[in-house]
Each structure stands twice: as structure tokens, then as C-alpha cells.
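K.L.:
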Amino acid sequence: MEKVKQRIVILFCIFLFISCKTTFDFSKNEKVVDVIEREIIEKKVVCVSEHHSDVFPLELITENLEKFYEAGLRYIFLEEQSDNFINNPEDINYFIYPPWELWGYRYEYILFEKEILRINNLHKNDPLVVIWPETGLEISEDEFNQDLITVLNIRDEYAQANIIGTIKGTEKKSMIVYGNMHGEIVSDDIERKSLGKYLFDYFGDDFSSFNLVDFKSDGNTKIFYGDNDCKIVETETIRKILKDDSFTPHFTHYGFYEKEKYGVPIFYIPEKMNLDYLIKILETEKISEKKEVDVWSKKSEQLLAIYYLKYHFGNNFSFDYTQSEDDLANAINKIKEKNNQDFQYNLEVLEEYIGMLTNLMYARNEEELIFLKNEVKKINQNDIWPLYWYAYFMTNAAESENSISMYEHVLTLWDELFNNDLLYASPVLKLSCQKAAFCAEKIGNKEKTEFFREIEKKINPVFDIDYEKYEFFGW
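Quick note on this note's numbering: the sequence shown kicks off at 1188 and runs consecutively.
#1: Measure the C-alpha to C-alpha separation of Glu-1472 and Glu-1512 and round it to an integer number of angstroms.
#2: Does DSSP classify Phe-1202 as helix, strand or coil?
#3: Could you tell me which whole alpha helix (DSSP H) segments of length 4 or greater appear in the region 1222-1266?
#4: So, with DSSP's three-state summary, where would you put Phe-1504?
#5: On the DSSP letters alone, give me the boundaries of the alpha helix (DSSP H) that Ser-1619 sits inside.
#6: Can you tell me whether DSSP reads Met-1368 as helix, strand or coil?
#7: Secondary structure at Gly-1661, three-state DSSP: helix, strand or coil?
#8: Could you tell me which of Ser-1592, Asn-1589, Lys-1459, Phe-1500 sits nearest to Asp-1529, measuring between CA atoms?
#9: Classify Val-1536: buried if its beta carbon has 16 or more other beta carbons within 10 angstroms, exposed otherwise.
#10: What separation, rounded to the nearest whole angstrom, lies between the Cα atoms of Lys-1360 and Val-1232?
#11: Give the secondary structure of Tyr-1281 by DSSP, where H, G and I count as helix, E and B as strand, and everything else as coil.
#12: Arg-1305 and Val-1242 - do their beta-carbons sit closer together than 8 Å?
#13: Among Ala-1348, Ile-1410, Tyr-1494, which residue has its Cα nearest to the Cα of Ser-1214?
#14: In the DSSP output, what is His-1310 paired with across the bridge?
#15: For Cys-1620, which of Ser-1590, Ser-1592, Glu-1553, Asp-1651 has the nearest alpha-carbon?
#16: Assuming Gly-1413 is part of the alpha helix (DSSP H), what are its boundary residues?
#17: Three-state secondary structure (DSSP) at Thr-1636?
#18: Quick check on the DSSP output: the alpha helix (DSSP H) that includes Gly-1352 runs from which residue to which?
#19: Pull the bridge partners of Val-1317 from the DSSP assignment, please.
#20: Use the C-beta contact count for Asp-1570: other C-beta atoms within 10 angstroms, 16 or more gives buried, fewer gives exposed.
#21: Have a look at Asn-1607 and Ile-1425 and give me their C-alpha separation to the nearest angstrom.
#22: Note down, in chain order, each residue of its chain lying with its Cβ closer than 6 Å to the Cβ of Ala-1585, except the 5 sequence neighbours on either side.
#23: Rounding to the nearest angstrom, what Cα-Cα distance links Ala-1578 and Leu-1604 in this structure?
#24: Of the residues Thr-1337, Asp-1334, Tyr-1345, His-1310, which one's Cα is nearest the Cα of Gly-1323?
#25: Under 8 Å, do Leu-1265 and Trp-1319 count as touching if we go by C-beta distance?
#26: Between which two residues does the alpha helix (DSSP H) carrying Phe-1650 extend?
#27: Comparing alpha-carbon positions, which option in Asn-1340, Val-1364, Glu-1321 lies nearest Ser-1381?
#28: Does DSSP put Thr-1422 in a helix, a strand or coil?
#29: In this structure, what does DSSP give as the bridge partners for Ile-1363?
#30: State the start and end residues of the unbroken alpha helix (DSSP H) segment that holds Phe-1558.
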């Protein structure tokens, strides 16, 4: 009888918990894809906002591009210039950067461009015309160093002029695929005039913009999507979800979907053309010719290219940061013979990995940090970054607490990292030596302190980084 009472109490608590949530059922809402298709038919210009990290919107466009073509779409205006793949698919060109940063250059963009090429191959006499409306734009250093709004305004004013100039005399339909800050038709900042605002002012009701965002159920709100589709959500519903009656829509349409999908940086995809570029960037000029390292510099790309060649080729790429540039050239020549076909990979697994790696960088507390570190390790045991950042953050925590036991624990993390050969071909080798030696010194382990300092001394100065200036790996 007592067990029955306990079950009744538990069931009542579950019911009370569920009933306290605000529930929204989107299962019967219109699909965003259907509304975009309709808007292409009925209007001249449609702007779909994408996100440089979350590629769900881009994949939605890619999967339905043929449908949009049949609806009349002929012009596509793109912000992302990650590779110029459409114009030169045999000679890819992309940017190599710390993979947890959200700067675009995602492989899913290449898949999008491949789909454009596929459709154009079927419709050679009436192809999709792809235009980058910021081509030719030059922003001075003084302008670039001003606030973000100034730079965005310069870019959007330039882009809108090219877009309007291209399509104002044609009946063909256009789609603009830009980051969501550009597609707004209303801005909260009086100094901001976005691309979407320019186009709305010019085309009026012949223009519409879509902002597609992920929205998950949480402790206070339960969302039923019914399927994995992105659904149109009206303004009044958004106000109820946000509990904000003053919410003003910045776009013509809002689409909600259940789960974000992190795009994979191109350099994680071991296709021959991508690996060829990693090799090419190291062969075109010597690393020693570049002195300064910042995130936009060629030397930064080269140092990361070394790491990703080691990541993909393993022991076949016999190079580390203690060797010379001649040794690097010899190691590259050896792997060029082996780079004759694509390696196998799983894009969905890589998307999951990049998502967890990015979230680990922004973990809210130690518990979440540990959870993400363990989860991401299940997916990718080879890459150094999850363990590197976990050890780095825990070193900072040990220093803050001035805890000997924490230093002892963190030193085991650095020991584990130094057992990974990839570390020795990475741009964080020197900083890892410094952090590990610091922990060893704090617990009085002279042997370990000297071990890490000796490794640091052996690093070739050519591959050195001033971490105080280049803060993307910590300092």
C-alpha cells in the first residue's frame, strides 16, 4: 500500500511539473520551405538569414534548392566567400583558423555550392547566377578599427547597390543568403541601416526576409515540432514564448527549428582537394618569411596547416615544431605521394564534434566543462583541442584556488596531452610546456618542471608565437 502511495505522489509531481510548463504546438504550423517557395513565386526578392556557425538554415536551402529553382529562382547573392569553389572547383581556397571560432568557411557551404553546380549542369541554358555583392569592396584600416555598426553599414550599403543594380531591370527572382544581422528590415540601433532595410525600402512588398533560429524546449517552455522541419512562428506566439508583449519583429518571417547544427571547418574534411590546399599554403612561401602572427596572418594559417596535416596523415607526416623548415619540406614531399584520394569521414559525426568543442569553450561551470570534455572525447580521441582547453581552464582554476591537489590533478591532464604526438606539431606546444611546467613547479616536482622546460627550449623559433598578442590559444 505504501508503494502505491509513493507512485501516486511521484505521478502527481510529474503531472505538476509538466503542467507548469508553457506548451506550444508547432506541428501544424506552415513549413518554412513552403513559405519560401511561395514567396519566390509571388515576390521579386527573398532574403534568408543564415548563421556562420549553425548550418541548419544553409542545409535547408541546399536540400530544397531545386524546388526553389522550379519556383523561379535564378539569382543567388552570397555573403560567404569561403572558397570560390563555384568559379574554380579544381583549386579550392579557404581560410584556416582556430576551429572553435565562428567565422564561416564551413564544408557545408561547399556542399551548397556543389548543389548549385549540379542544378546548373541540368539547366545549362538557364542557370542559377551566383553573385558576391561585396566583391571589390575595400574597407580602410581606420574604418575597420571603428565599431562593428560602422563596418556593417559600409558593407551593406555597398552590397545593396550591387544587388539592386543587378536585378532592378529583370523579372527573374532572387535569393539573398546572408548572416542574420544583414537581413533585418528593422533595427534596434538608430545608427544601423541593414541590407534588408535597403531592399525593403526599394522593393517594398516585393521583398521578404526570413530569420531562421533554433529554439529548444527548456525548463519553462515545451515545444512540439511534430517533425524535424523548420516551422513558421507568428509574432504573437513569439511574444508569448518570450513573455514580452513589446517584441517587435525585425524580419518578415521567423522560422523555428529544434536543434542547431554546427558546421565543420573545411580543414577537418580529409578530401584530396582540401588536403592539397593545406600543402599548398606551406609550399608557396616559407614560414620564416613572416615574422608577426595574428589570427588573419598567413603565418597563423601555416602553423595550423602543419597541425592539420599531422591530424590527417598521422605518422606519415613525420614533422614536429622542434625541426627545421627543410625538414618540413621533406615531410610534405613524402605525404604528397600518399595524397592521391579522399580519406573516409562521417560528416554528421564531425558536426556533432565541432558543436561540442564549441560549447566546451563556453561552458558555464566546471561540471558542464567536465561533461562536455568526456562527451567530446567519445567522438574524437585524436584531436588535442578538447583536452588542451580542459587542462588550460583547470590550470586557471587551480591558480585561482591555489590548491595543491588541483595542481596535481591538472598535471595528470597535461601529462596525458603530452602523450599525443599531435601536440608536438601544434601551435600550442610552447604554451602547453609553460602551463605544465607551472603546475609541476607548484607541487614541487622538479623533474617534471625540467622535462617540460627542456621541450620548450627545443622548439624552433620559426614556429614561435607571442601568446600575449595572439590570444586565441590562451595566454
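For every residue, glycine included, the Cβ atom is placed at its ideal position computed from N, Cα and C.
Treat the numbers as computed from the prediction; the structure is a model and nothing was measured.
P.N.:
Taking the definition as stated:
#1: Cα-Cα distance, rounded: 11 Å.
#2: For Phe-1202, the predicted model reports a pLDDT of 38, less than 50, meaning its position is unreliable; a value from the coordinates is still stated below. Three-state DSSP puts Phe-1202 in a helix.
#3: 1243-1250, 1252-1257
#4: coil
#5: Counting along the chain, the alpha helix (DSSP H) containing Ser-1619 begins and ends at 1616-1629.
#6: Note: Met-1368 maps to coil in three-state DSSP.
#7: strand
#8: Lys-1459
#9: exposed
#10: 6 Å
#11: coil
#12: No, they are not a contact pair.
#13: Considering only alpha carbons, the answer is Ile-1410.
#14: Note: His-1310 sits in no beta bridge, so no partner.
#15: The option with the nearest alpha carbon to Cys-1620 is Asp-1651.
#16: Careful: Gly-1413 lies outside any alpha helix (DSSP H) and carries neither H nor E.
#17: helix
#18: 1335-1354
#19: Ile-1263
#20: That one is buried.
#21: 48 Å
#22: In its chain, beyond the 5 residues on either side, Met-1593, Tyr-1594, Val-1597 have a beta carbon closer than 6 Å to the beta carbon of Ala-1585.
#23: Looking at the two C-alpha atoms, the distance is approximately 9 Å.
#24: Tyr-1345
#25: yes
#26: Counting along the chain, Phe-1650 falls outside any alpha helix (DSSP H), and DSSP gives it neither H nor E.
#27: Asn-1340
#28: helix
#29: Cys-1234, Phe-1264
#30: Phe-1558 -> alpha helix (DSSP H) spans 1553-1566.
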